[in-house]
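Encoded as structure tokens, the structure appears first; notes follow it.
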Amino acid sequence: MRLTTVLVAALLVATCGNNDARTTDDGGKQKFLWKTGGWGSCYAVGGCGEGRRERLVWCSEADGRTVLEVMCDPQSEPPTSKPCFTACRHHRDKLQWQVGSWGQCLPVSPADVNNVAAVHQPVAGDTRHDNLGVTQRNVSCVLVSHEAIKVHRPVDEENCFTVARKPDPVRFCHIPRPQDCVVGPYGDWSSCKGCSAVNQTRVRAVLVAPLNGGRPCPQLTDTRVCNPRAECLVHSSSSAEEGSRAPSPEYKLKLGEWRRCEAPTSVVSADLIEARVNTPFQQHGGHDALYIPGSSAGSSNNNNNNVFPVSPVLGGTSTESTENYFTFQPQVGYQTREVSCRDSRGAIIDISLCLNEENYRSEMPSDVRPCVVAQDCVVSQWSAWIRTQDGCVAASGKIRPEIYERKREVVRLQEGDGQPCPHILETRHTTDRDQLQLCANKYRWLASKWSPCVVTSDEPTVGPRLLEVGCGGGVQLREVTCVQANQGNQPVVDDLCESLEPLPTVQRCEVACPRDCEVGQWEPWGPCMPLECPLFGDPPAKGYRERRRNIEVMASSQGLTCPSTREVQPCPQPACHSWVEGHWSSCDLDPGIKKCGEGRRTREVTCRSIYGGIVEDSVCARRQVKPVTEEPCLLPCPYDCVLSPWSDWSPCSHSCSSPRQIALRHRNRTVIAPLGEATGGHNCPDPDEMLQMEPCNTHSCHGYSWLTLPWQSCHPLRPSERFNITANSVTTLDPELDDYFNNSSVAGNCGAGMQEREVWCMEAHAKRVPDSNCHPLQRPVSSRECWQVCPVDCHVSPWSEWSTCPQQCVPDASSEVREGEVAPTQSRHRVVLRWPSGGGARCPVLEELRPCPLSGARCRHYLWGEGPWSDCQLPATVECGMGYRTRAVWCYKNHRSVKVEPSLCLERNNGTAPSQSEPCFVDCQWPCVLSQWTEWSSCNQACSVRTRTRQLIGLSGSRVPCKDTGLFPLVETQPCPCARYTLQPTGPWSDCLLEGEGVSTSVAANGRVALGVCGAGSRFRRSECLDADGNLVEPSLCGGDSGLEEEPCLIPCPSDCRLGEWSAWGGCSAICGPGLHNRSRQIVHPSFNGGRPCGSLIEHKVCSQSCEVFHWVADGWSECQLIVADRNRGCGTGDQYRRVRCMRIDEGRGISTEVADAYCDPVMQPPDLNACHVACPGSCVLGPWSDWSDCPQPCESSQERQRTRSVLRSPANAHDGATQLNCPPLIEAQACHLNTTCFSYSWHRTELGSCLPLGGSPCGEGVQSRAVFCQRSDGRPVADRYCEATGEGRPSASEKWCYVDCPVDCEVTQWSFWNQSTCHCGLTGGVMVRERRVVTQPSEGGRPCPEPFIQHKSCPALPCYAWHRGSWDSCDLQGAWCGHGIMSRNVTCLRGDTMPVEPHLCQTAAKNSVDLKHQERCYAPCRGDCRVSEWSHWSHCHRNCQAADVGGYETRSRAVLKPPTPGGEPCPTALWETRPCFTGPCLTFGWVVGDDGHISCQRSDGVRVVGGCEGKPKPCTGDDCAGVQHAHCDTQLGVCLCKPGYEPQYDHHQLLLCSVDGQTTSDDNAAQHKVGTSASIIPPVHQTTASEDKVQSRYYYPQDDDISVWMFTMIGIGCIFVVFVAVSIYLMCNGSWSIMGHYCSGQSMPPPPSQQQQVGVDVPEVKP
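Numbering (this note's numbering) for the sequence shown: -11 to 1652.
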């Protein structure tokens, strides 16, 4: 009931109570809150222009639950809609992103780093987040023009997304690391001389100023009291008495420090001041008579018409400020200072006391002066480090530094005496090997695909060009590109791969020449063979004959295939079996006949099958009558007619037979013994019987053979048809095509397939006939399996970075590209990683060009814009003296009015900007205003003059008095030194150098353009301009400009040798057998200047025609023509004739051709005339002689050869029983004479012919051949069998492979930059060097490498220049006694440390020079003022040596020597100052151990410092910890400690031993005995002497990575004990013990009875 009442009351209060009560809880926190959704799209009625966007608004509790809107405060309800603007199409050109300046670099957490990295990726190398920060800037979309009205209206960002990408509003930056202060050692104490010295002081200098929140500097001054001397005490008391009696006050004038330059409320132009003629000066007169604006003095001279307000520096985001955001124009203001008079105690008194004639005779110092309002240069925070050059370590150890760069922007230029702009660019070089990767791991050379095999063709009309080789040798070219190895092979600059092993870009190649098939001669036709033999011996119906030829040279893949090697033709009357006739036996006389007469002879005739087997005669008899096996014969009797043997068959008259021509051959025999008519012997046959003719080459003139046509393209099979074709049957050519069966092959467009060809039956290789005519030849296959290569698409690398835009910009006011002007472009490229094949997708574009994306495709060009000088301005009420005039300065882009950040102009102008203000002078007597004098012009020549000028300002140029050059000269001249200078060349001339663009002539090398090889160049030698004393002076004084003498030279371009065409091959040197024939060519253009040399002009080749094909063919002998005396007898001697011809016999074709007799062997020539003998009846008749037998080898004259003949008819007396026949000898012998009747044989080889490339190509692989043949001793080539019979081995192969060089020209790199590290100014000079290296070595026939590979060039003879800083003068107080003044010094540019020269020479030679001030503020302390020491010398240039920073800073400091007394000048707040530096050694700081064992911080040059070593490991004092076993050095304490588990023992604060549990090893005992008994285990911090404390202290120092079992055991026991106590207390509190009840109830417990009795306490009685 109570709960219900409370809820109802709360609801009433929440509903009806006041607003504050219902929206807040008891703690004052908001209970109900308004929540909003995101803004919707901008809705405009017309689709664009003005519109509104809306969002949802609802009321929610703090935990997010939605409630009624009445629960939230209606006064704080957010709006649900707001106006918006949607850009129309005509607004697109009026929209732009407006970016603000980068803000401060703020630290971020690692989580924030990840969030920012999602928007802006940090550069490579920003892996450390310890000093990583984030900087932001405002980026908004603005509409600059609307309805032809210039506006500056912020609109929604969506409108600008269509114009350009939104600039990054956030980026990474580096927060500078804190730099602690580092001070040097104290100097010497000041002296205590004189009685006025009370304290001694010593100071120390700040070596490194603290930066970025680093540890502040300690006290720089140390003071101690001087010991007072007795005489000083006496002198002090007497002086006090005299001072009290007769005080002598001193009045001293003190100058205060010039106050800050203030901008006046108004300024006046000097041109508006009326002319003043002899106007009396004011009280202090002269040019220093300036007055504070607003003062009463001279206020009557103020003319409101002549005063205009000073425009403040524009800023902000208004339209006007945006237009002038980057315009800087200083203001003219004024400065004041206090001029006061002080007494001896330092109190301010009336100034008139200091101006009396006795004490002060000079003019009163001015207390006001004009000035330019100071504005320090304002720069943004440093950007993040950006890697500008990748670094790595080459395999040779050479380091390519990794260079990082960071920038900052100039937000505001310096004005007046403000701080100048610091450097805005810093670089950092990383050269630590541990931080750099190997170049081979980061980069690699990626080679393109080799080009087709090409050769260089140098045609007179076209010039050298590359021609693709169709057959033979050549070279292949390719390009190599340096790519990133681990980032997708993105191309980078080739310099990154310079340390890697270069890949060859040229290689020799060979295109296989199409080798046509070569076949031999046809063999003779075979016998007529039946197609099949019947089983029962019936004659076959059809037959065929076949002939074959062998393949001598197989065809290549591109050559002509072999023709048919088998040919058939039908033949009649084929026989499965045929009669085979044997040889006739000798003539056996009939019985009863003894010597001569008729007889019979026999022979064997068998029936054989076509396979050679003997069968029954009946098989052959069915078709053909069996030939006779016996026939009569005649053994001539003395009076019978005798015939000669048959002659050889003549050559066949035709190669084949046809119905129109029948091939025949014949033979004959003659009567060698006529018939003896008287005796009735056998008659001679008819003459027709002595001539036989028979058909030969009875085969047909044409045959039939198969002709195969080329294979058609491969047609892939459908997947269902590939069950019997596997990938194993086809070889994959590319390992990247392993997915044939997975992808493309399944689709059916590649993989296994079939291809077909047509097969024709041809008649005589010329006419197609039905296929049945080629039976029984096997028909070639017309289909086969094939493999269709699957398409492989081209794969390319990522794009390289865009090349930089050219730096040469056209200084033209227009941004449009003019006619004839080439717009600057930038390019990027990518390389092919995998070339397409098999019809895959072609490679995309490999190179892209685009205009430089700046102002109409023009490169960036930033220039300073300078406004007109203002009038000479003076503060109000000031009439004359020095004033200032100012002008506006801005940086603009590409000759447009677009103003940009001044940093862009500072980067391109060496950090300098045009002056924004300069002094001007208003004459106090004449109304003339003049500018200040310019700098003196340079003395470029001796005995000339130099000038300086000034000009009249404003209206002064029109006033007559101002034009008087006597009063106001505008030009001043000064003679230049009239010294005599001589130009003296020294040193040798350099090589002819090709420098600059367009100097060298491009020549072709291996089809690529090579630069820097030849052309018009220059050669140089050192030329010194010397004065009369031999000192080196500026080259301009001798009429030069560079210190080098130059003269033109020419490096002639190489001209290759050009040859004519080869002539036809000449005749063979041998009629038959091996010989040589040659061909030649002429030189059309010889080689000059290192061009390609001429090749061979004559080539030889072996030619050969076998002598075995030439034979002597002799016809039959004619009848013996008897001599006249024997003609009547019909017998006797006479002559026979026959025709002997030399014939070339083609056995394969059966054709014989008559040739000249010289082709046949003259030794073997048969006689065509023979002395014959016709035997008379009854006389002896002999047969023809046999061939001569061979002479035994070796051939000797003592041996002989012989020939024999037989008796054909015996003489008549032989039949009469005579014992001796009347016949000529049957054997004839002949002595063996070398080269007449006897010959020797030996192997011979011709000379090697020229190397002839295959296929007739000009170069490449070829064959060099020579003939190996058997030669007869008379020089006649004979068959090899003659030499083989001698047993002499045949010589080696008659051919060998050779190579005709395909010319490869030498290729070299471009010249490196000149190494000027050895160049020095002055007379020492030096030589600079550049080099180039060979990329491609030349071949024998290529163009040799141009020389030299290293070129030297004398360094220019330039004198040394250096700034000479004179000593500071005393502090100029303008007549005052103390205070703030100016001290001056001379800063002079010296040549050779002696001769002053123009300052610009030092500004050019001595870059990054600092401390060139001519004036500096100084302070002379008055009595009671703070006294400080002099500024220390500038310290070393402190920078990060490990990071290889280029820039750093120097520090100088001063110390407070005496604090001020009350009322005195306070001490300056700045006790040290820094300045940037870029030179000097890089010094580091580290801990060192002194001779006394004390650890101190020391600079690397040996100076002891304080600070600089914090955070670095300390060394250990004493002996090295390595000398003590089980010890290590604690780098935090700088002492040696024992490892855990070992106890230390010390001796005189030095660790001696580390033992285990107090036990020492034998080595430890030996060490103890060695040092005596003074060793202990007491640590150095507690040890005094051995007698004072014998307690052994043991310390346990666990390592961070040790697991202490003892510690965990003790923790466990403690936990158990705590649990035990808790349980015990619980049990005791819940028990029935009365005593425990007191404890548990919180009551005090009475003491036990025993104690009560002891202390005398009454024990109350306890009742039960």
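Cβ atoms here follow ideal geometry from the backbone N, Cα and C, with glycine treated the same way.
#### Entry: Rounded separation between proline 66 and cysteine 60 - CA only
Position 78 of the sequence shown, counted from the first residue, corresponds to residue 66. Position 72 of the sequence shown, counted from the first residue, corresponds to residue 60. Distance between the alpha carbons of proline 66 and cysteine 60 is about 11 Å.
### Message
Check this for me: beta carbons of arginine 1738 and aspartate 578, under 8 Å apart or not?
### Response
Because the chain here runs from -11 to 1652, residue 1738 falls outside it and cannot be looked at.
### Task
Please state whether DSSP places tyrosine 1684 in a helix, a strand or coil.
For residue 1684 there is no data in the structure shown, the boundaries of the chain being -11 and 1652.
### Task
Could you tell me the boundaries of the alpha helix (DSSP H) in which arginine 1115 lies?
Here residue 1115 refers to the residue found at position 1127 when the sequence shown is read from its first residue. Here the alpha helix (DSSP H) through arginine 1115 covers 1112 to 1115.
### Reference isoleucine 581; option with closest CA among Asn1210, Met1131, Trp438, Leu622
Residue mapping note: residue 581 aligns to position 593 of the sequence shown, counting from 1. Selected option, being the one with the closest Cα: Leu622.
### Query
Three-state secondary structure (DSSP) at glutamate 889?
The sequence position of residue 889 within the sequence shown is 901, counting from 1. Note: glutamate 889 maps to coil in three-state DSSP.
### Task
Could you name the residues that DSSP lists as bridge partners for threonine 970?
Position 982 of the sequence shown, counted from the first residue, corresponds to residue 970. DSSP, once it has assigned bridges, lists Leu1014 as partnering threonine 970.
### Query
In whole angstroms, what is the alpha-carbon distance linking threonine 686 and methionine 517?
Along the sequence shown, one-based indexing puts residue 686 at 698. Along the sequence shown, one-based indexing puts residue 517 at 529. Roughly 14 Å between the two C-alpha positions.
#### Entry: Opposing strand residues paired with lysine 70 [DSSP bridges]
For the purposes of this step, residue 70 is taken as residue 82 along the sequence shown, with counting starting at 1. Within the DSSP secondary-structure output, lysine 70 pairs in a beta bridge with Arg41.
### Query
If arginine 938 and glutamate 923 are in contact, beta carbons under 8 Å, what's the gap, nearest whole angstrom?
What you label residue 938 is simply residue 950 of the sequence shown in a count that begins at 1. What you label residue 923 is simply residue 935 of the sequence shown in a count that begins at 1. No, arginine 938 and glutamate 923 are not in contact; Cβ-Cβ is about 11 Å, not under 8 Å.
### Query
Excluding five sequence neighbours on each side, which residues of the same chain lie with their C-beta closer than 8 Å to the C-beta of threonine 1306?
Indexing the sequence shown from 1 puts residue 1306 at position 1318. Closer than 8 Å at the Cβ level, and outside the excluded window around threonine 1306, lie Gly1314, Val1315, Met1316, Val1317, Cys1343.
### Task
In the DSSP assignment, find the alpha helix (DSSP H) that holds lysine 1284 and state where it starts and stops.
One-based indexing of the sequence shown puts residue 1284 at position 1296. Where lysine 1284 is concerned, there is no enclosing alpha helix (DSSP H), although the beta strand (DSSP E) it sits in stretches over 1283 to 1288.
### Query
In three-state DSSP terms, what is phenylalanine 1024?
Within the sequence shown, residue 1024 is the residue found at index 1036, counting from 1. Reading the sequence as shown, one finds serine at residue 1024 and not phenylalanine. If DSSP states are grouped into helix, strand and coil, serine 1024 belongs with the helices.
### Query
In terms of residue numbering, what span does the beta strand (DSSP E) encompassing tyrosine 1437 cover?
If you number the sequence shown from 1, residue 1437 lands on position 1449. Residues 1436 to 1441.
### Query
Exposed or buried, which one is isoleucine 391 when buried takes at least 16 other CB atoms within 10 Å?
Your numbering for residue 391 matches position 403 in the sequence shown. By the neighbour-count definition (other C-beta atoms within 10 Å, threshold 16), isoleucine 391 is a buried residue.
### Message
For glutamate 1249, which residues in the same chain have their Cβ closer than 7 Å to its Cβ, ignoring the five residues on either side in sequence?
### Response
Numbered from 1 along the sequence shown, position 1261 holds the residue referred to as residue 1249. Around glutamate 1249, the same chain offers Gly461, Glu498, Pro1241, Leu1242, Trp1285, Tyr1287 as residues with beta carbons nearer than 7 Å, after the five sequence neighbours per side are excluded.
### Query
Buried or exposed: glutamine 1667, going by 16 or more other Cβ atoms within 10 Å of its Cβ?
No information on residue 1667 is available, as it lies outside the stretch -11 to 1652 that the chain covers here.
### Query
If we ignore side chains and look at the alpha-carbon of each, how far apart do isoleucine 1565 and valine 1477 end up?
Working through the sequence shown from its first residue, we reach residue 1565 at position 1577. Working through the sequence shown from its first residue, we reach residue 1477 at position 1489. No answer about isoleucine 1565 holds up, because its pLDDT of 37 lies below 50 and its placement is not dependable.
### Query
So is glutamate 1453 buried or exposed if we call it buried at 16+ other beta carbons inside 10 Å?
The residue given as residue 1453 occupies position 1465 in the sequence shown. By the 10 Å Cβ count, glutamate 1453 comes out buried.
### Task
Could you pull the start and end residues of the alpha helix (DSSP H) that cysteine 1697 belongs to?
Since the first residue shown for the chain is -11 and the last is 1652, residue 1697 is missing from the structure and cannot be characterised.
### Query
From this set, Cys964, Pro707, Trp694, which residue's C-alpha is nearest tryptophan 748's C-alpha?
Translated into the one-based positions of the sequence shown, residue 748 becomes position 760. Checking every option, the nearest Cα to that of tryptophan 748 belongs to Trp694.
#### Entry: Buried versus exposed, by CB contacts within 10 Å (16 or more), leucine 278
As a first step, residue 278 is located in the sequence shown; it is residue number 290 there, counting from the start. Note that leucine 278 scores 29 on pLDDT, short of 50, meaning its location in the model is unreliable and no value can be drawn from it.
### Query
Which value, in whole angstroms, describes the spacing of the CA atoms of cysteine 93 and proline 1456?
Within the sequence shown, numbered from 1, the residue matching residue 93 stands at position 105. Within the sequence shown, numbered from 1, the residue matching residue 1456 stands at position 1468. The alpha-carbon atoms of cysteine 93 and proline 1456 are separated by roughly 30 Å.
#### Entry: Distance CB(valine 366)-CB(arginine 400) smaller than 8 Å
If you number the sequence shown from 1, residue 366 lands on position 378. If you number the sequence shown from 1, residue 400 lands on position 412. In terms of Cβ geometry, valine 366 and arginine 400 form a close pair [threshold 8 Å].
### Query
So does the stretch 1119 to 1138 actually touch the stretch 1073 to 1089, counting three or more Cβ pairs closer than 8 Å?
Contact between the stretch 1119 to 1138 and the stretch 1073 to 1089 is not established, with fewer than three Cβ pairs separated by less than 8 Å.
### Task
Tell me, please, which residues DSSP counts as bridged to aspartate 1123.
Within the sequence shown, the letter at position 1135 stands for residue 1123. Beta-bridge pairing links aspartate 1123 to Gln1109, Ala1159.
### cysteine 76, DSSP secondary structure in three states
In the sequence shown, the residue the question calls residue 76 occupies position 88. Per DSSP, reduced to three states, the secondary structure at cysteine 76 is coil, with no helix or strand assignment.
### Task
Within the same chain, show all residues whose beta-carbon is closer than 6 Å to that of alanine 651, passing over the 5 residues directly before and after it, in chain order.
Residue mapping note: residue 651 aligns to position 663 of the sequence shown, counting from 1. Here the set comprises Cys640, Ser641, His642, Ser645, Cys684, Asn685.
### Message
For the structure I just gave you, are there three or more beta carbon pairs, one from the stretch 312 to 325 and one from the stretch 237 to 251, closer than 8 Å?
### Response
Yes, they touch.
### Query
Mind checking methionine 1131: buried by the 16 CB within 10 Å criterion, or exposed?
The sequence position of residue 1131 within the sequence shown is 1143, counting from 1. Under this definition methionine 1131 is a buried residue.
### Query
Over what stretch of residues does the beta strand (DSSP E) that includes asparagine 429 continue unbroken?
Working through the sequence shown from its first residue, we reach residue 429 at position 441. It is not in any beta strand (DSSP E) - asparagine 429 instead sits in the alpha helix (DSSP H) that spans 427 to 430.
### Query
Using the C-alpha atoms, what's the distance from glutamine 861 back to tyrosine 872?
Taking the sequence shown and counting its residues from 1, the one referred to as residue 872 is at position 884. Taking the sequence shown and counting its residues from 1, the one referred to as residue 861 is at position 873. Cα to Cα, the separation comes out at about 5 Å.
### Task
Classify glycine 1064 as helix, strand or coil using the three-state DSSP reduction.
The sequence position of residue 1064 within the sequence shown is 1076, counting from 1. One point to set straight first is that residue 1064 is leucine, not glycine, in the sequence displayed. The answer is strand: DSSP assigns leucine 1064 an E or B state.
### Query
Taking Cβ to Cβ, would you say arginine 1126 is nearer than 8 Å to serine 1106?
The count along the sequence shown starts at 1 and reaches residue 1126 at position 1138. The count along the sequence shown starts at 1 and reaches residue 1106 at position 1118. Yes, they are a contact pair.
### Sequence-distant residues of the same chain with beta carbon closer than 6 Å to cysteine 485, five excluded per side
Within the sequence shown, numbered from 1, the residue matching residue 485 stands at position 497. Hits under 6 Å: Tyr431, Trp433, Cys470.
### Query
Which residue's Cα is closest to the Cα of proline 1042: Glu1035, Cys1333, Arg1320?
The count along the sequence shown starts at 1 and reaches residue 1042 at position 1054. Of the residues Glu1035, Cys1333, Arg1320, the one whose Cα lies closest to the Cα of proline 1042 is Cys1333.
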